[in-house]
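Colleague: FYI, the numbering for the sequence shown is 1 to 184, going by full-length UniProt numbering.
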Amino acid sequence: MSWRREQGVGGGGVPGCGGCNVGERRWIHNIRHKGIYCSLCTSCVLKYHPGCFCVSCFDVLFEGSPPPPSPAADDAHLVRCSKCLGEAADRGSFTCPTCVNPNFSFFDTVSGRDGGRTIDLEMAKALVAAARLASLSMSRAKASAWADAERRAKEAGMAGKRAKDALEKVVSGSMKEKGRRSRR
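#1: What is the DSSP secondary structure of Asp59, reduced to helix, strand or coil?
#2: Would you kindly work out how many angstroms separate the C-alpha atoms of His33 and Ile119, rounded to a whole number?
#3: Which of the three DSSP states is assigned to Cys52 in this structure?
#4: What would DSSP say about Ser135, mapped onto helix, strand or coil?
#5: Less than 8 Å between the CB atoms is what I'm expecting for residue 214 and Ile36, so what's the real figure, rounded?
#6: Considering only C-alpha positions, which residue in the set Cys38, Cys20 and Pro50 is nearest to Ala129?
#7: Quick check on Ser82: does DSSP put it in helix, strand or coil?
#8: Less than 8 Å between the beta carbons of Thr42 and Phe106, yes or no?
#9: Note the first and the last residue of the continuous beta strand (DSSP E) segment covering Asn30.
#10: Give me the Cα-Cα distance between Asp108 and Cys44, rounded to the nearest whole angstrom.
#11: Taking buried to mean at least 16 other C-beta atoms within 10 Å of its own C-beta, is Ser182 buried or exposed?
#12: Rounded to a whole number of angstroms, what is the C-alpha to C-alpha distance between Asp59 and Ala166?
#13: So Cys54 packs on Cys84, CB below 8 Å; how close in whole Å?
#14: How long is the line joining the alpha carbons of Lys47 and Val100, rounded to whole angstroms?
#15: Using the three-state DSSP reduction, which class does Cys20 fall into: helix, strand or coil?
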């Protein structure tokens, strides 16, 4: 497996997000997506995992198998938890932010008065959700790598046994041939 790391906007060869090329390194998560290890920003982690978190409260919806779908928007693949669906029914319809604006970012830090960056409660929830999804992704990657290593170790053991048997056969045949030659 290889890491997909692209040059960040920050220059100097500092890796940024492999999805949108954001250069802020402190908000980069490592995940495995479709068999490729990626370094992605918080927003891209959430965009790469639609249906795995509630788009309203940012709760990660499942740890193992996916829950029954409860679409947040008619044509979107984003979902909402049952609590947020109930609250949304009271308020009216929901508009999916990624359907309205394809460049929508779940996590966009705002410059503060002192020049620093501030994170509000919604962005903190998004950051935690992305971190949990990245952790789940890497846990699955670890389990997959472990199973692959065990399979390859067994294959290597079997190949070694076959090689040993072949060498024994060659040595045995060679000894028989020497015996035949010496009798002549």
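Here a beta-carbon is modelled for each residue, glycine too, at the ideal position from N, C-alpha and C.
Predicted model, so just to flag it, every value in this text is computed and none were measured.
Modeller: Put simply:
#1: Of the three classes helix, strand and coil, the one that applies to Asp59 here is coil, per DSSP.
#2: Those two C-alpha atoms are separated by around 27 Å.
#3: If DSSP states are grouped into helix, strand and coil, Cys52 belongs with coil.
#4: In the three-state scheme derived from DSSP, where H, G and I count as helix and E and B as strand, Ser135 is classed as helix.
#5: With the chain covering 1 to 184 only, the question about residue 214 has no answer from this structure.
#6: Closest option to Ala129, judged by alpha-carbon separation, among Cys38, Cys20 and Pro50: Pro50.
#7: DSSP places Ser82 in the helix class (H, G or I) of the three-state scheme.
#8: Yes, these two residues count as a Cβ contact at 8 Å.
#9: For Asn30, the enclosing beta strand (DSSP E) starts and ends at Ile28 to His33.
#10: Between the alpha carbons of Asp108 and Cys44 lies a distance of about 11 Å.
#11: Answer is exposed; the Cβ neighbour count stays below 16.
#12: Approximately 58 Å, taken between the alpha carbons.
#13: With a Cβ gap of about 6 Å, Cys54 and Cys84 count as contacting.
#14: When the Cα atoms are used, Lys47 and Val100 turn out to be separated by approximately 14 Å.
#15: Under the three-state reduction of DSSP, Cys20 is assigned to coil, being neither helix nor strand.
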